[in-house]
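Student:
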Amino acid sequence: MKAIPLFKEILWFVILVLLQVLLFNRITVFGVAVPILYIYFLIKLPYGRNRFYVIISGFLMGLVIDAFLNTPGMNAAATTIVAALRSIILNLFYPKNEYENLIPGIHTSAAAFIKFTVTMVLLHQTLLFFIEAFTFFNFTSTMIRIGSSSLLTIVLILALDSLVIRREKTSG
Amino acid sequence: MRNLLTFIIRNSSWLVAIVLIVFSFHLLFSYNSYQRSVYLSSANNVTGWFYETSNKATTFIHLSKNNKLLLERNAQLESELYSLKTHLQDMQMDTLTTNAFLSDSIPVSQFSFIPAEVTNVSFSGPNNFITVNKGSLHGVKPDMGVVSQNGVVGVVLTVSPKFSVIIPIINPKFRLSGKLKNSNNTGSISWDGKDLNVAQIGELPKHEVFQPGDTVLTSFSRIFPKDIVIGYVIGQIPSKDDNFNTLNVRIATDFYSVRDIHIIDDKYYDEQKQLENSIP
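If you read the sequences in order, they're chains A and B.
The first sequence begins at 528 in my numbering and counts up one residue at a time.
The second sequence begins at 10 in my numbering and counts up one residue at a time.
1) Are the Cβ atoms of R187 (chain B) and I175 (chain B) separated by less than 8 Å?
2) Out of curiosity, what's the CA-to-CA distance linking I542 (chain A) and P562 (chain A)?
3) Can you find the residues in the same chain that come closer than 7 Å, C-beta to C-beta, to N245 (chain B), ignoring five residues on each side of it along the sequence?
4) I need the boundaries of the alpha helix (DSSP H) containing A208 (chain B), first residue and last residue.
5) Got a sec? Which residues, its chain only, sit under 8 Å from S3 (chain B) by beta carbon, not counting five neighbours each side?
6) Is any beta-carbon of chain A found at less than 8 Å from that of I30 (chain B)?
7) Please decide whether P573 (chain A) counts as near chain B, where near means a Cβ-Cβ distance under 8 Å.
8) Please list the partners that F34 (chain B) has in chain A, where partner means a Cβ-to-Cβ separation under 7 Å.
9) Within 8 Å, do at least three Cβ pairs link the stretch 604 to 623 of chain A to the stretch 26 to 36 of chain B?
10) Counting only Cβ pairs nearer than 9 Å, list the residues of chain A close to N20 (chain B).
11) Do we get a CB-CB distance below 8 Å when we pair W58 (chain B) with the residues of chain A?
12) Identify which residue in A:G575, A:L533, A:S584, A:I537 has its Cα closest to the Cα of A26 (chain B).
13) Do you know whose CA, among B:E212, B:L78, B:V165, B:V55, lies nearest I273 (chain B)'s CA?
14) Select from A:H651, A:F640, A:L546 the residue whose C-alpha is nearest the C-alpha of V609 (chain A).
15) Would you tell me roughly how many angstroms separate the C-alpha atoms of G699 (chain A) and F540 (chain A), rounded to the nearest one?
16) Mind reading off the beta-carbon distance from V645 (chain A) to I616 (chain A)? Whole number of angstroms is fine, and I expect it under 8 Å.
17) Would you call V28 (chain B) buried or exposed, if buried means 16 or more other Cβ atoms sit within 10 Å of its Cβ?
18) What residue does the alpha helix (DSSP H) around S199 (chain B) start on, and which one ends it?
19) Taking CB distances under 8 Å as the criterion, tell me whether A611 (chain A) reaches chain B.
20) From the DSSP secondary-structure annotation, give me the bridge partner or partners of F120 (chain B).
21) Between which residues of its own chain and T224 (chain B) is the CB-CB distance below 7 Å, once the five residues before and five after are set aside?
22) I want to verify the contact list: residues of chain B whose CB lies under 9 Å from the CB of F657 (chain A), in sequence order.
23) Taking the alpha-carbon of F568 (chain A) as reference, which of A:M588, A:F534, A:S677, A:S675 has the nearest alpha-carbon?
24) Could you spell out the range, first to last residue, of the beta strand (DSSP E) harbouring F253 (chain B)?
25) According to DSSP, which residues form a beta bridge with Y40 (chain B)?
26) Given this structure, state the Cα-to-Cα distance separating S677 (chain A) from L590 (chain A), to the nearest angstrom.
27) Should K65 (chain B) go down as buried or exposed, given a rule of 16 or more other Cβ atoms within 10 Å for buried?
28) Would L14 (chain B) pass as an interface residue toward chain A - the criterion being a Cβ-Cβ separation below 8 Å?
29) Return the residue from the list B:S121, B:N76, B:L97, B:L37 that minimises the CA-CA distance to D275 (chain B).
30) Quick check: the Cα distance between H634 (chain A) and N665 (chain A), rounded to an integer number of angstroms?
31) Find the residues of chain B that neighbour I608 (chain A), judging by a C-beta separation of less than 8 Å, and give them in chain order.
32) Do S192 (chain B) and E290 (chain B) have their beta-carbon atoms positioned less than 8 Å apart in this structure?
33) Note down, in chain order, every chain B residue with its Cβ under 9 Å from the Cβ of R578 (chain A).
34) I'd like to know whether the C-beta atoms of I641 (chain A) and L685 (chain A) end up nearer to each other than 8 Å.
35) Output yes if chain B places a C-beta closer than 8 Å to the C-beta of S698 (chain A); else output no.
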């Protein structure tokens, strides 16, 4: 692992945490949908990245978010589970890849990236909201929150991804 | 041992993930009161279900034993009943002894009640009256007492064949002797014309001990049976009189909502009145 990608990833980590706690967590669309974008960090890690690295960075990401939002353990648990399952999900949509350092993105293979993003986000949101509600009592309202928040998050992630890529292309 | 080590090494990322997830949930339950409460209560539900199920099972197992016990008890009671029956028959042969045992169990009651319904109320001024739908045709006579399910309402003033007019507690002309529940000193119930829910009990001796909430009951009266609730003590009125207290009493009957009342028919009223009037 070179120094530059690591630095870039740390930067992304910080930016996503700040975006999440300062901006996205204050947005509530129709009182139900909350964009939860920090999962984008896990989505954008390179294909062949070490599992330990993925799991621990996911856990740290959740823990930091929890520290800001005053919900110890909630985001950490959900994000760690998603991080642990990430390679399996990745293998579902990306064929066994020869490129170790392929970064999933909308420019490489849009269909696979969208499927991958949808799965990751849905899984993450489902875990998150059920850990938050921790009961099947208000099942319908929990499902509505999961669905709407996921939709919002997916749209934002796809927009963010295409935006970032375009900027990288124009600048580079 | 080597296999175990290989297994651990191969799946070490999963183990790390599991450790981290467990740690996250530990944080979740330690620092989030909501999740902890749900976790604890659902745990209780689960354990409760186990206990209940096992209890059902053991009950079922013990069913035949319990059945046998019940049968034995039944037989015992059956034989007891038989012996009592024969005993009763023996007794009935001898009328004298039977009568000694079977005394008149239902004595003629002094008081009977005529149910009536309120048809009109006039609570506008201090001279309040209540009209009810039973009159002399139904046996209502002036000076009969009237009670609701909560307590004393008033006294019948005049009657027509089908209606009668009641003078309630909340009329300044109304007088009734009452007493506190745990004492024998009688006072006099009256109404000062201010609050439809509050009457006064006066002429209580100064040494009378009372607490707010004490029950006020009827005492000697030609009209009401003893110990019918009039109301509950609220507090004392500062009085100038050195020897007597006056207390505020919340009336037990709610005059705003009273609908069904009972008129008390005292069988011995005339007799008592005649006797007392015969004294010159």
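Just so you know, even glycine gets a beta-carbon here, dropped at the ideal spot from N, CA and C.
All values derive from a computational prediction rather than experimental measurement.
Tutor: For this structure:
1) Here residue 187 (chain B) refers to the residue found at position 178 when the second sequence is read from its first residue. Here residue 175 (chain B) refers to the residue found at position 166 when the second sequence is read from its first residue. Note that residue 187 (chain B) corresponds to Gly in the displayed sequence, not to Arg. Not in contact: G187 (chain B) and I175 (chain B) (Cβ atoms no closer than 8 Å).
2) Numbered from its first residue, the first sequence carries residue 542 (chain A) at position 15. Numbered from its first residue, the first sequence carries residue 562 (chain A) at position 35. Each residue's Cα considered, the two are about 15 Å apart.
3) By one-based count along the second sequence, residue 245 (chain B) stands at place 236. Per the sequence shown, residue 245 (chain B) should be read as Gln rather than Asn. Cβ within range, chain order: N254, L256.
4) The residue you call residue 208 (chain B) lines up with position 199 of the second sequence. Taken as a continuous stretch (DSSP letters only), A208 (chain B) belongs to no alpha helix (DSSP H), being part of the beta strand (DSSP E) at 207 to 214.
5) In the structure as shown, chain B starts at 10 and stops at 289, and residue 3 (chain B) therefore has no counterpart that could be examined.
6) Residue numbering aside, residue 30 (chain B) sits at position 21 when the second sequence is read from its first letter. It does; some Cβ of chain A falls within 8 Å.
7) Taking the first residue of the first sequence as 1, we reach residue 573 (chain A) at position 46. Cβ-Cβ to chain B under 8 Å: no for P573 (chain A).
8) The residue given as residue 34 (chain B) occupies position 25 in the second sequence. Near F34 (chain B) (Cβ distances below 7 Å), the residues of chain A are G600, A604.
9) yes
10) Translated into positions along the second sequence, residue 20 (chain B) becomes position 11. Within chain A, no residue comes near N20 (chain B); the closest Cβ sits about 10 Å away, beyond 9 Å.
11) Translated into the one-based positions of the second sequence, residue 58 (chain B) becomes position 49. Not one chain A Cβ lies under 8 Å of W58 (chain B).
12) Taking the first residue of the second sequence as position 1, residue 26 (chain B) is located at position 17. Selected option, being the one with the closest Cα: A:S584.
13) Stepping through the second sequence from its first residue, residue 273 (chain B) is reached at position 264. The candidate whose alpha carbon is nearest that of I273 (chain B) is B:V165.
14) On the first sequence, residue 609 (chain A) is found 82 positions in, with the first residue counted as 1. That would be A:H651, whose Cα lies nearest to the Cα of V609 (chain A).
15) On the first sequence, residue 699 (chain A) is found 172 positions in, with the first residue counted as 1. On the first sequence, residue 540 (chain A) is found 13 positions in, with the first residue counted as 1. Confidence at G699 (chain A) is low in this model, with a pLDDT of 39, below 50, so its placement is unreliable and the value that follows should be read with caution. Going from the Cα of G699 (chain A) to the Cα of F540 (chain A) covers about 22 Å.
16) Numbered from 1 along the first sequence, position 118 holds the residue referred to as residue 645 (chain A). Numbered from 1 along the first sequence, position 89 holds the residue referred to as residue 616 (chain A). Actually they are not in contact, since the Cβ atoms of V645 (chain A) and I616 (chain A) sit about 10 Å apart, beyond 8 Å.
17) Sequence index remark: in the second sequence, residue 28 (chain B) carries index 19 (1-based). When all chains shown are included, V28 (chain B) counts as exposed.
18) As a first step, residue 199 (chain B) is located in the second sequence; it is residue number 190 there, counting from the start. Here S199 (chain B) belongs to no alpha helix (DSSP H); instead the beta strand (DSSP E) covers 195 to 199.
19) Taking the first residue of the first sequence as 1, we reach residue 611 (chain A) at position 84. Chain B contact via Cβ: present.
20) Position 111 of the second sequence, counted from the first residue, corresponds to residue 120 (chain B). Answer is B:D275.
21) As a first step, residue 224 (chain B) is located in the second sequence; it is residue number 215 there, counting from the start. Here the set comprises K190, V238, Y241.
22) If you number the first sequence from 1, residue 657 (chain A) lands on position 130. Within 9 Å Cβ-Cβ: nothing; F657 (chain A) doesn't reach chain B, min ~11 Å.
23) As a working mapping, residue 568 (chain A) is identified with position 41 in the first sequence. Ranking the options by Cα distance to F568 (chain A), first place goes to A:M588.
24) The residue given as residue 253 (chain B) occupies position 244 in the second sequence. Unbroken beta strand (DSSP E) run through F253 (chain B): 253 to 260.
25) Position 31 of the second sequence holds residue 40 (chain B). Per DSSP, none; premise fails for Y40 (chain B).
26) Within the first sequence, numbered from 1, the residue matching residue 677 (chain A) stands at position 150. Within the first sequence, numbered from 1, the residue matching residue 590 (chain A) stands at position 63. The alpha-carbon atoms of S677 (chain A) and L590 (chain A) are separated by roughly 21 Å.
27) The sequence position of residue 65 (chain B) within the second sequence is 56, counting from 1. Exposed, by the Cβ-count rule.
28) Within the second sequence, the letter at position 5 stands for residue 14 (chain B). Not one chain A Cβ lies under 8 Å of L14 (chain B).
29) Position 266 of the second sequence, counted from the start, is the residue given in the question as residue 275 (chain B). If we check each option's Cα against that of D275 (chain B), B:S121 comes out closest.
30) The sequence position of residue 634 (chain A) within the first sequence is 107, counting from 1. The sequence position of residue 665 (chain A) within the first sequence is 138, counting from 1. Roughly 40 Å separates the two Cα atoms.
31) The count along the first sequence starts at 1 and reaches residue 608 (chain A) at position 81. Under the 8 Å cutoff, chain B gives A26, I30.
32) Look at the range of chain B in this structure, 10 to 289, and you will see that residue 290 (chain B) is not part of it.
33) Translated into positions along the first sequence, residue 578 (chain A) becomes position 51. What R578 (chain A) touches in chain B: S21, S22, W23, V25, A26.
34) Your numbering for residue 641 (chain A) matches position 114 in the first sequence. Your numbering for residue 685 (chain A) matches position 158 in the first sequence. Cβ atoms of I641 (chain A) and L685 (chain A): closer than 8 Å.
35) The residue labelled residue 698 (chain A) in the question sits at position 171 within the first sequence. With a pLDDT of 47 at S698 (chain A), under the threshold of 50, the predicted position of this residue should be treated as unreliable, and no value is reported.
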